Each structure stands twice: as C-alpha cells, then as structure tokens.
Amino acid sequence: DDNVIRESVTIHRGTIQDNSLTKIGSRNLLMAYVHVAHDCIVGDDCIFANNASVAGHAHVGNGVILGGMTGVHQFCKIGSYAMTSGCSLVLKDIPAYVMVSGNPAQARSMNFEGMKRRGWSKETIASLRTAYKVIYRQGLTLEQALAELEAMDASDELQILIDSLKASERGITR
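Just so it is clear: in the sequence shown, position 37 is 41 by the working numbering, and no numbers are missing.
In structure tokens form, the structure reads like this:
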C-alpha cells in the first residue's frame, strides 16, 4: 500500500526455487530504474534511489535507504534502518542501522541522524553507539560480539540489531 514506483522500475515475480514470492511492503519509494529481482522481500518505509538494484532472494528490512546505483548481491540481508551511499556494492549482509559505502561496501558508522529524526531517546542512541563499537571496533568475532551484546540491557531497538546479526548467513559487512 502507498508505494511510489517511478518510471522504468522492474520488479520480478517469485520463482519455484524459493517461496514463489517477491514482496514489497508499504510506503516505499522506488525511484527511476530501480530493479528488484525475483524472490526478494522488501520491508516498509524504504527508499531505493535511482538505479539501485537488488539481486534475487535478497531481504531488505524496514526503513532502509539504498543510495543511487547501489548493487546488492543475491541472498544478502539488509537490516532495518541500514543505509548505503551511492555506488555501493553490497556483497555481505548489512546489520540493522549500519551505514556502508564503497566497492565492496564497508561499514562506516550507524545512521545516528536518522535515529534522532525518528525521535529516539539519547539513551537508545547511546546504547546502539556502544553496540556498534562492540561489533566493529573491538576486533571481536561475530560470535564474541553477539555474546557481549546479549549481555547488555536490550531495548527493542538493540534487539533489532542483535536479531539482524543472528540472521546473517553470508557474514556481515565489516
């Protein structure tokens, strides 16, 4: 419901190799020449800028922003509220809230400005900032980082991050 699908967007139907379903949530903006391949699942409130392409079987969470000409490899999972810069090549999963850029994409930070705009509390943002440092700045394996995060006092927002890390099958963008 309430999606804006601009000119020359392509959305492929699902195939028998998966669940025979390509699903686009509500209130999304798919700008010109966006491509959503077969068997993709896209959440709600996403923005895919011009020429962003999502390959088959990819899953995109809620509130995700894909910069122009971003390419997402097949079977990748992009966590809710993640963001890519223009011309990024996503080859691994992106955890929730993480901002990536480059070819191949690398984690740069979290979308803290987007969190402020959504009215999230300073405590929630501070908790996610700490979580980012655990994942990306302490040299831990994903399993070690998850153990530390699960020991923290988990808000609903932190749980979204933890769940996106647990759902990763391709490894996360580092």
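Built from N, CA and C at the ideal position, the CB exists for glycine as well.
Please read these numbers as outputs of a predicted model, since none were measured by experiment.
Assumed close pair residue i, residue j - CB separation to whole angstroms, cut-off 8 Å
i	j	result
G29	D43	Actually they do not touch by this definition, with Cβ atoms about 15 Å apart.
I51	K27	At roughly 17 Å, the Cβ-Cβ gap does not stay under 8 Å, so I51 and K27 are not in contact.
Three-way DSSP call (helix, strand, coil) for residue i in this model
i	result
Q78	coil
S92	coil
V46	strand
V138	helix
L34	strand
Member of the options whose CA lies at the smallest distance from the CA of residue i
i	options	result
G118	I129, P108 and A109	I129
E11	G71, P108 and L33	L33
A158	T177, R141 and T134	T134
Residues sharing a beta bridge with residue i, DSSP
i	result
A109	G106
T14	H39
M114	V102
S57	H39 and G75
M3	Within the shown structure, residues of the chain are numbered from 5 to 178, placing residue 3 beyond reach of any answer.
I9	L34
Residues of its chain near residue i, where Cβ-Cβ distance is below 8 Å and the 5 sequence neighbours each way are ignored
i	result
L150	I166, L169 and K170
Contacts around residue i, its chain only, beta-carbon distance under 7 Å, and the 5 residues preceding and following it disregarded
i	result
R174	F79, C80, K96 and D97
Sequence-distant residues of its chain with Cβ nearer than 6 Å to residue i (five each side left out)
i	result
V139	Looking at the sequence shown, residue 139 is not Val but Ile. Contacts found: A149.
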